[in-house]
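Shown next, in structure tokens, is the structure this report addresses.
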Amino acid sequence: MSTTTRSTPGVETVCVIGSAGQLGHDLLRLGGDPNTGLTVRGADMPEVDITRPDSIAALLERHRPQVVINAAAYTDVDGCESHEDLAFAVNAVGPGNLAEACRDRGCRLIHVSTDYVFDGSDIGRPWRPDNAIAPQSVYGRTKAEGERQVRQHLDDHAIVRTSWLFGTAGKNFVKTILRAACERPELRVVDDQVGCPTYAADLAGVLLTLAQGAWRGTYHFCNAGACSWNGFAREIVRLAGLTTPVLPMTTAELNRPAPRPAYSVLDTTTLTRDTGIVPRPWGEALAECVESLAERAVSQQ
1166 MSTTTRSTPG VETVCVIGSA GQLGHDLLRL GGDPNTGLTV RGADMPEVDI TRPDSIAALL
1226 ERHRPQVVIN AAAYTDVDGC ESHEDLAFAV NAVGPGNLAE ACRDRGCRLI HVSTDYVFDG
1286 SDIGRPWRPD NAIAPQSVYG RTKAEGERQV RQHLDDHAIV RTSWLFGTAG KNFVKTILRA
1346 ACERPELRVV DDQVGCPTYA ADLAGVLLTL AQGAWRGTYH FCNAGACSWN GFAREIVRLA
1406 GLTTPVLPMT TAELNRPAPR PAYSVLDTTT LTRDTGIVPR PWGEALAECV ESLAERAVSQ
1466 Q
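For what it's worth, our numbering labels the leading residue of the sequence shown as 1166, then goes sequentially.
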């Protein structure tokens, strides 16, 4: 991934909300590089509760950041269906609270959103940031409302939609497939959902670049290329040097509570046009991730 950075004077401290998650982990790791010229502070529950304005105010008073990155969300897609109130509080009300707090303190807000705001229909091309949204799940609807609240309360913001996040920290599809491929004689993974895998480390780099610039509006970021979940799983197994068969199945056969987008390939050209960021292929990013996980496993033996 190549970038062109346009610095904004006065950006010294960035506060990452949701720093305990897989994206937050990489934001803190990359932000710790002294070459960024940034001080990156992390916060997560119980230090900050974005559903409570007083908790946010206390955190911003303590760290006094110029930029806030919101990587906090209730991301259990099926869990959102049965816990709609919690999903709304975290994914919709929380970003609105952050936007108001940033407005009151003169901070920029960079908010992470999702491909699930789209209905998943195949429109014959990747989804652009300006395409109409039509979320089909509670998760998608609450994330869409979070976007709306950010736009309503704060002009100085950037919203970054992403998809199929994976990385070396936290729970994610790559780790699940690697574990299952070692434990089962074969895997069955859906092949009728198509999207774009996104390496958390690459997304973290994009967010930190945006934190140092003056870009506003809604962007998409994912790694280059598209695949099905089945294709993604097969490449994970191959890169790990395993031979476990990965068989196809349909979304209907999986029978999960929340609907999933059948087609959620994201168009990143607006981000490239404005920032110079060019996403690398997802296969290249995945190879780096699988290698890092293997090295970590060896070091822990």
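Beta carbons: idealized from backbone N, C-alpha and C, even for Gly.
Excluding residues up to 5 positions away in sequence, L1195, L1373, Q1377 lie with their Cβ nearer than 8 Å to the Cβ of T1201 in the same chain. Beta-bridge pairing by DSSP links P1410 to no other residue. When only Cα atoms are considered, P1444 and F1397 end up about 17 Å apart. The beta carbon of E1249 sits closer than 7 Å to those of V1303, all from its chain and outside the five residues before and after it, given in chain order. H1248 sits in coil when the DSSP states are folded into three classes, being neither helix nor strand. Residue environment analysis places L1431 among the buried positions, since at least 16 neighbouring C-beta atoms fall within 10 angstroms of its C-beta. Here V1463 is exposed. Its C-beta has fewer than 16 other C-beta atoms within 10 Å. Assigned with DSSP and collapsed to three states, L1263 falls in helix. Spatial neighbours of C1267 in its own chain (CB-CB distance under 6 Å, excluding positions within 5 residues in sequence) are listed in chain order as V1233, L1274, L1319. Bridge pairing for C1180: R1206, V1233 [DSSP]. Cα atoms of E1310 and T1433: separation of roughly 22 Å, rounded to the nearest angstrom. Residue state for P1362 is assigned as coil, using DSSP reduced to three classes. For R1206, same chain residues with a beta-carbon under 6 Å away, outside a window of 5 residues either side, are C1180, H1228 in chain order.
A direct Cα-to-Cα measurement between C1392 and V1277 gives close to 22 Å.
Bounds of the beta strand (DSSP E) holding I1324 are 1322-1327. Pairwise C-beta distances place the stretch 1279-1298 in contact with the stretch 1324-1344, as three or more of them are shorter than 8 Å. A direct Cα-Cα distance of roughly 19 Å separates D1439 from R1316. Here DSSP, grouped into helix, strand and coil, assigns G1305 to helix. For D1214, the CB contacts under 6 Å within the same chain, skipping 5 residues up- and downstream, are S1220 in chain order. Put simply, of T1178, Q1187, E1177 the residue whose alpha carbon is nearest the alpha carbon of A1369 is Q1187. Taking each of N1395, L1203, A1423 in turn and checking the Cα distance to V1339, the smallest one comes out for N1395. When C-alpha distances from V1411 are compared across N1235, L1330, L1352, the shortest belongs to L1352. Residues N1235, H1276, G1311, Q1314, V1315 of the same chain have their beta carbon placed closer than 7 Å to that of P1260, with the five preceding and five following residues left out of the count.
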